[in-house]
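Enquirer: Residues 1 to 747 (full-length UniProt numbering) are what the sequence shown spells out, left to right.
Below is a structure I'd like to ask you about.
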Amino acid sequence: STMEETDREAVATAVQRVAGMLQRPDQLDKVEQYRRREARKKASVEARLKVQSWINLSVCGCQVMLRALNLAGNKTLRKKDLHITYRTMVTIHFEYFKIISFKVFKNNSYSHSPAFFLVLLLSFPEIVRETHDLIERGELLQAHRKLMDLECSRDNLMYEQYRMDSKNTHDMNLIHTYFGDMQKLSEELAKQLWMVVQRSLVTVRRDPTLLVSVVRIIEREEKIDRRMLDRKKQTGFILPGRPKKWKEKMFNILERTVSTRIEGTQADTRESDKMWLVRHLEIIRKYVLDDLLVAKTLLDQCFPPHYDIFNRLLNMYHQALATRMQELAAEDLEANEIVSLLTWVLNTYTSAEMMGNSELSPEVDVNSLDALISQNVVDQLLNKYMSTLTSNIIGWLRKALETDKKDWIKETEPEADQDGYYQTTLPAIVFQMFEQNLQVAAQINEDLKTKVLILCLQQMNSFLTRYKDEAQLYKEDHLRNRQYPQCYVQYMIAVINNCQTFKESIISLKRKYLKSDMEDTLSISHANMDATLDIIAKEGCSSLLDEVFMDLEPHLNELMTKKWLMGSNAVGTICVTVEDYFNDFAKIKKPYKKTMTLEAHRRVVVEYIRAIMLKRISFKNAEERKEGAERMIKEAEQFRFLFKKLAAGSGEDTEGLCDIIEAIAEVIKLTDPSLLYLEVSTLVSKYPDIRDDHIAALLTVRGDASRDMKQTIIETLDQGPSQPNPNYVPIFKEITVPTLTVPKLLK
Numbered sequence: 001s002t003m004e005e006t007d008r009e010a011v012a013t014a015v016q017r018v019a020g021m022l023q024r025p026d027q028l029d030k031v032e033q034y035r036r037r038e039a040r041k042k043a044s045v046e047a048r049l050k051v052q053s054w055i056n057l058s059v060c061g062c063q064v065m066l067r068a069l070n071l072a073g074n075k076t077l078r079k080k081d082l083h084i085t086y087r088t089m090v091t092i093h094f095e096y097f098k099i100i101s102f103k104v105f106k107n108n109s110y111s112h113s114p115a116f117f118l119v120l121l122l123s124f125p126e127i128v129r130e131t132h133d134l135i136e137r138g139e140l141l142q143a144h145r146k147l148m149d150l151e152c153s154r155d156n157l158m159y160e161q162y163r164m165d166s167k168n169t170h171d172m173n174l175i176h177t178y179f180g181d182m183q184k185l186s187e188e189l190a191k192q193l194w195m196v197v198q199r200s201l202v203t204v205r206r207d208p209t210l211l212v213s214v215v216r217i218i219e220r221e222e223k224i225d226r227r228m229l230d231r232k233k234q235t236g237f238i239l240p241g242r243p244k245k246w247k248e249k250m251f252n253i254l255e256r257t258v259s260t261r262i263e264g265t266q267a268d269t270r271e272s273d274k275m276w277l278v279r280h281l282e283i284i285r286k287y288v289l290d291d292l293l294v295a296k297t298l299l300d301q302c303f304p305p306h307y308d309i310f311n312r313l314l315n316m317y318h319q320a321l322a323t324r325m326q327e328l329a330a331e332d333l334e335a336n337e338i339v340s341l342l343t344w345v346l347n348t349y350t351s352a353e354m355m356g357n358s359e360l361s362p363e364v365d366v367n368s369l370d371a372l373i374s375q376n377v378v379d380q381l382l383n384k385y386m387s388t389l390t391s392n393i394i395g396w397l398r399k400a401l402e403t404d405k406k407d408w409i410k411e412t413e414p415e416a417d418q419d420g421y422y423q424t425t426l427p428a429i430v431f432q433m434f435e436q437n438l439q440v441a442a443q444i445n446e447d448l449k450t451k452v453l454i455l456c457l458q459q460m461n462s463f464l465t466r467y468k469d470e471a472q473l474y475k476e477d478h479l480r481n482r483q484y485p486q487c488y489v490q491y492m493i494a495v496i497n498n499c500q501t502f503k504e505s506i507i508s509l510k511r512k513y514l515k516s517d518m519e520d521t522l523s524i525s526h527a528n529m530d531a532t533l534d535i536i537a538k539e540g541c542s543s544l545l546d547e548v549f550m551d552l553e554p555h556l557n558e559l560m561t562k563k564w565l566m567g568s569n570a571v572g573t574i575c576v577t578v579e580d581y582f583n584d585f586a587k588i589k590k591p592y593k594k595t596m597t598l599e600a601h602r603r604v605v606v607e608y609i610r611a612i613m614l615k616r617i618s619f620k621n622a623e624e625r626k627e628g629a630e631r632m633i634k635e636a637e638q639f640r641f642l643f644k645k646l647a648a649g650s651g652e653d654t655e656g657l658c659d660i661i662e663a664i665a666e667v668i669k670l671t672d673p674s675l676l677y678l679e680v681s682t683l684v685s686k687y688p689d690i691r692d693d694h695i696a697a698l699l700t701v702r703g704d705a706s707r708d709m710k711q712t713i714i715e716t717l718d719q720g721p722s723q724p725n726p727n728y729v730p731i732f733k734e735i736t737v738p739t740l741t742v743p744k745l746l747k
């Protein structure tokens with residue numbers, strides 16, 4: 001056969017060539033060298049034959065394809081067009097095969113068959129289109145599989161080119177350009193992946209499979225990256241676009257998504273809503289808790305364990321929150337906003353409502369979480385808060401007092417508490433404000449609560465001094481026109497009662513908010529406030545009694561006068577007037593009311609004795625003395641009955657005030673002048689603060705003592721012992737005797 005003949009010819013030719021080479025004995029040493037040279041020639045011939053067959057195959061492929069297009073009835077393609085297309089395709093493929101045939105395949109190094117590579121070249125645009133369609137349909141895994149195949153072919157081709165001729169950038173660029181659409185595909189796919197990653201917390205609930213697919217694609221790319229980097233270490237060759245670092249990009253996108261989520265929760269501004277910060281922080285709390293619960297229960301299952309996705313996300317949220325809280329802390333916050341922020345940062349964040357939620361445990365350990373804002377920033381905020389609060393409290397207290405003063409001039413009586421005691425709203429307003437600020441401070445920490453309490457009580461101290469001054473001005477205004485204000489007495493009673501309420505409220509506030517070991521730090525301040533309140537109450541009571549005695553003045557002026565002796569009802573009127581005032585004074589709280597009853601009792605007696613010492617009457621005879629003395633005794637009894645009634649049984653006359661009137665009456669009533677010294681000395685021993693001028697005035701009223709007798713009695717009295725009542729409070733020292741009518745011989 002023809003094949004056999006060809007073989008025989010080849011063998012004969014070979015024998016002839018070998019005989020030509022080995023004609024001398026020394027040529028035998030070069031046999032190995034000849035053998036290698038002939039092998040290279042043979043390989044070269046075979047390579048050329050292969051290239052020719054591939055070109056033929058390529059041309060055939062083009063013809064088959066064009067014929068198929070023709071047969072498909074594509075009427076728009078004219079014969080001329082077909083020839084142009086045909087020539088172009090042949091030229092393109094011939095150009096590429098020039099590179100491949102003479103370089104890549106020279107050493108039979110390419111892993112695929114030439115036919116495979118030809119099919120790849122011809123079908124590349126179609127595969128790109130298919131991959132693009134798969135991406136658009138959301139079939140990401142299949143799209144990535146095709147992309148990987150394309151990339152693998154391109155990568156191997158470029159690597160072989162690099163191995164043969166690493167400096168030939170022209171041919172490398174040619175390959176890179178041809179596969180340019182593949183880079184766009186990769187970017188398109190990446191864009192879809194990042195969209196899924198951005199919505200991963202939503203996707204994981206609706207379509208976890210999609211998220212798993214994305215993670216698988218990223219894992220595949222990570223594997224390829226590692227392989228490429230290993231090859232770079234060995235050969236120095238790395239493909240353009242590698243490593244892709246899609247895992248790193250995924251975490252970057254998650255981080256940006258978390259930051260955007262935190263920042264995007266602020267819906268309002270201070271201008272549109274005073275509670276903007278409270279709302280903002282509450283939305284953050286809810287979002288973060290929900291997101292982390294989803295991440296722990298669902299997201300964790302979609303990622304390989306080495307991604308440590310929950311802890312990575314936890315860290316991202318913590319960092320995003322720290323950034324946001326620092327931004328908020330740097331704003332010009334109001335006092336209540338500082339409290340809202342610090343309460344959230346220091347307490348809410350680690351509470352069961354957020355990171356301390358039992359469902360996040362044990363993965364989230366609140367004790368190991370870093371602070372969201374530094375202690376330095378916390379201190380700055382607290383200092384600003386205390387400074388703002390101080391000026392706020394001063395302003396609030398001033399406003400509260402101004403509002404209260406407006407009530408004092410009303411024509412309607414003040415309100416009474418449940419026990420019927422008059423009061424104004426001032427103590428309630430002040431302590432409600434203190435309470436609110438203390439409760440707010442307590443949300444942050446104990447230290448701030450104590451500081452706020454000390455601040456409140458310091459400001460209270462200053463406030464009470466102003467309160468005292470305003471009460472004094474109120475009294476002075478009234479004295480200028482006693483018809484105004486209409487309810488002066490009732491509002492002064494309310495001021496007095498407020499002092500008791502303030503005292504009780506201060507004790508209550510300290511008991512509730514002050515630790516026992518801090519008690520000493522406020523004891524001086526507390527004592528000062530109590531002293532100021534006692535002064536306000538005492539001055540208030542005194543001003544009310546002044547009111548009473550201004551009304552009593554005309555009736556007191558009738559005492560110890562001729563009219564009085566003739567049967568005036570001055571004391572009866574005095575008792576009725578006092579009782580009438582004390583119907584209003586019943587609205588005074590007990591500690592002050594008791595003091596006031598005693599003070600009224602004392603002042604009535606003092607005014608009565610003063611009337612005696614004014615020497616408005618001098619009895620003419622024993623009958624007048626008897627009549628006057630009996631009237632005094634009767635009136636002392638009237639006073640005793642009145643004040644016992646006013647004290648409702650609790651205010652016995654322990655000082656024996658009415659007894660003084662009776663003792664003076666006994667001196668006046670005495671019928672035997674020889675016993676006068678004895679009677680006077682008894683009086684002086686009981687009431688040692690009686691002065692000589694008092695005795696002189698008393699003897700003048702009696703009307704029967706000579707000048708010598710007065711002098712003898714007064715001089716002798718100085719040696720006598722005194723036996724006062726143990727409860728006696730000196731009363732005569734308050735009483736002055738008019739000096740012009742006192743005889744000059746008396747001391």
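Every residue, glycine too, gets a C-beta built ideally from N, C-alpha and C.
These figures come from a predicted structure and were not determined experimentally.
By how many angstroms is the C-alpha of D149 removed from the C-alpha of K106?
Expert: Per-residue confidence for K106 stands at a pLDDT of 45, beneath the threshold of 50, marking its modelled position as unreliable; the derived number appears in the next sentence. Those two C-alpha atoms are separated by around 24 Å.
Enquirer: Quick check on Y421: does DSSP put it in helix, strand or coil?
Expert: coil
Enquirer: DSSP puts A416 in a beta bridge; with which residues?
Expert: Y422
Enquirer: Closest by CA to L299, which one among L134, R206, E470?
Expert: When L134, R206, E470 are compared, the shortest CA-CA separation from L299 is found for R206.
Enquirer: How many whole angstroms separate the CB atoms of L426 and N498, which I take to be in contact at a CB cut-off of 8 Å?
Expert: 6 Å
Enquirer: So, using beta-carbon positions, are K247 and I218 closer together than 8 Å?
Expert: yes
Enquirer: Grab me the residues of I393's own chain with a C-beta within less than 6 Å of its C-beta, minus the 5 sequence neighbours each way, in chain order.
Expert: Q459
Enquirer: Return the CA-CA distance between residue 749 and P688, expressed in angstroms with no decimal places.
Expert: Any answer about residue 749 is impossible in this case: the structure gives the chain only from 1 up to 747.
Enquirer: Compute the Euclidean distance between the alpha carbons of S505 and T597, then round it to the nearest angstrom.
Expert: 25 Å
Enquirer: Between the alpha carbons of A537 and P554, how many angstroms are there, rounded?
Expert: 27 Å
Enquirer: For A663 and F434, what's the separation of their Cα atoms in angstroms?
Expert: 55 Å
Enquirer: Let me check understanding here. Comparing Cα to Cα, which of F585, I735, T323 lies closest to L545?
Expert: Ranked by Cα distance from L545, the first of F585, I735, T323 is F585.
Enquirer: Helix, strand or coil, according to DSSP, for E334 in the structure here?
Expert: coil
Enquirer: On the three-state DSSP scale, how would you describe V737?
Expert: coil
Enquirer: In whole angstroms, what is the alpha-carbon distance linking D181 and M172?
Expert: If I take the Cα positions, the gap works out to 16 Å.
Enquirer: Whose C-alpha, out of L341, A636, Q486, is nearest the C-alpha of E282?
Expert: L341
Enquirer: Taking the C-alpha atoms as reference points, what is the distance between V680 and E623?
Expert: 20 Å
Enquirer: On the three-state DSSP scale, how would you describe P554?
Expert: helix
Enquirer: How would you label I735, buried or exposed, when you count the other beta carbons within 10 angstroms and need 16 or more for buried?
Expert: Of the residues assessed, I735 falls on the buried side of the cut-off, its CB having 16 or more other CB atoms within 10 angstroms.
Enquirer: Measure the C-alpha to C-alpha separation of H306 and R261 and round it to an integer number of angstroms.
Expert: 26 Å
Enquirer: With distance defined between alpha-carbon atoms, name the residue in K626, I224, R256 nearest to V667.
Expert: K626
Enquirer: Classify Y385 as buried or exposed, calling it buried when 16 or more other Cβ atoms lie within 10 Å of its own Cβ.
Expert: Per the 10 Å Cβ criterion, buried.
Enquirer: Measuring only the C-alpha atoms, how far is residue 749 from S213?
Expert: Nothing can be reported for residue 749: it is not among the residues displayed for the chain, which extend from 1 to 747.
Enquirer: Grab me the residues of T348's own chain with a C-beta within less than 8 Å of its C-beta, minus the 5 sequence neighbours each way, in chain order.
Expert: L281, R285, M354
Enquirer: Just checking, does the region 562-572 make contact with the region 459-468 on the three C-beta pairs under 8 Å criterion?
Expert: no
Enquirer: What whole-angstrom Cβ distance do V684 and L657 have, given they're in contact under 8 Å?
Expert: Contact flag wrong, Cβ pair sits at about 17 Å.
Enquirer: Apply the 10 Å Cβ neighbour rule to L675 and answer buried if 16 or more other Cβ atoms are within range, or exposed otherwise.
Expert: By the neighbour-count criterion, in which a residue is buried when 16 or more other Cβ atoms sit within 10 angstroms of its Cβ, L675 is exposed.
Enquirer: Could you round the C-beta distance between A352 and S361 to whole angstroms and report it? I think they count as a contact, below 8 Å.
Expert: About 10 Å separates the two Cβ atoms, so there is no contact after all.
Enquirer: Return the chain-ordered list of same chain residues with a C-beta closer than 7 Å to the C-beta of L229, the five sequence neighbours on each side being excluded.
Expert: P243
Enquirer: How is the alpha helix (DSSP H) around Q326 delimited, first residue to last?
Expert: 309-329
Enquirer: I need the straight-line Cα distance from F643 to Y728, nearest angstrom please.
Expert: 17 Å
Enquirer: Consult DSSP for K620 and reduce its assignment to one of helix, strand or coil.
Expert: For K620, the secondary structure class from DSSP, reduced to helix, strand or coil, is coil.
Enquirer: Considering only the beta carbon of each residue, do E255 and M316 sit closer than 8 Å?
Expert: yes
Enquirer: Within 10 angstroms of the Cβ of Y8, are there 16 or more other Cβ atoms? Answer buried if so, exposed if not.
Expert: Going by the sequence as given, residue 8 is Arg instead of Tyr. It is exposed - the Cβ of R8 has fewer than 16 other Cβ atoms within 10 Å.
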